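Using full-length UniProt numbering, you'd call the opening residue of the sequence shown number 1 and step up by one each time. Input: a single structure, listed below in structure tokens.
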Amino acid sequence: MNRPPIDSQITFIYTRDLTAAADFYERVMGFPLWLDQGSCRIYRVSGDGYLGICRANESRASGEGRQSNVIFTLVTERVDEWYDYLKQQGVTFEKPPLFNEKYRIYHCFLRDPDGYLIEIQRFESSEGGN
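Below, the structure written as structure tokens:
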């Protein structure tokens, strides 16, 4: 039996302040809102890739440090352009664009208002993919 196709992919993360998170992902990152479910907002990141931001309930909100287990990675050939664009938006970067020899990637890091790590990267080798 062949594996059935996947139509799209959504990664969900949680926020204590949905208004601040929505402002960051809509205004700063420029992601178009695809679906507003009230307590969750889903953004189109690329063709069939989505990011869902959901208001955390009390049990989730008390889970300090969970953000450290997540890296939301955006893959693009235009790392430097994203870096310049986000700097103009007032974003502070944890690491500016640099080449990582071990993984053969060019990347930079920033955090969203809830502390989630966002990586913007370009693969420097064609070994991955299809």
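From the three backbone atoms N, C-alpha and C, an ideal C-beta is built for every residue, glycine too. Treat the numbers as computed from the prediction; the structure is a model and nothing was measured.
Apart from the 5 residues on each side of it in sequence, Ile-105 sits with its Cβ closer than 7 Å to the Cβ of Gln-121, Arg-122, Phe-123 and Glu-124 in its chain, given in chain order.
Phe-72 places its beta carbon less than 9 Å from that of Thr-11. If you look at Glu-81, you'll find it in the alpha helix (DSSP H) that goes 79-88. A Cβ-Cβ contact shorter than 9 Å links Ala-22 with Leu-33. Taking all protein chains in view, the Cβ of Tyr-103 is surrounded by fewer than 16 other Cβ atoms within 10 Å, so the residue is classified as exposed.
Here the C-alpha atom of Phe-99 lies approximately 28 Å from the C-alpha atom of Gln-9. Comparing alpha carbon positions, the residue from Trp-82, Arg-3, Tyr-116 and Ile-13 closest to Cys-40 is Ile-13. Restricting attention to Tyr-25, Thr-92 and Glu-81, the CA atom closest to the CA of Val-45 is found in Tyr-25.
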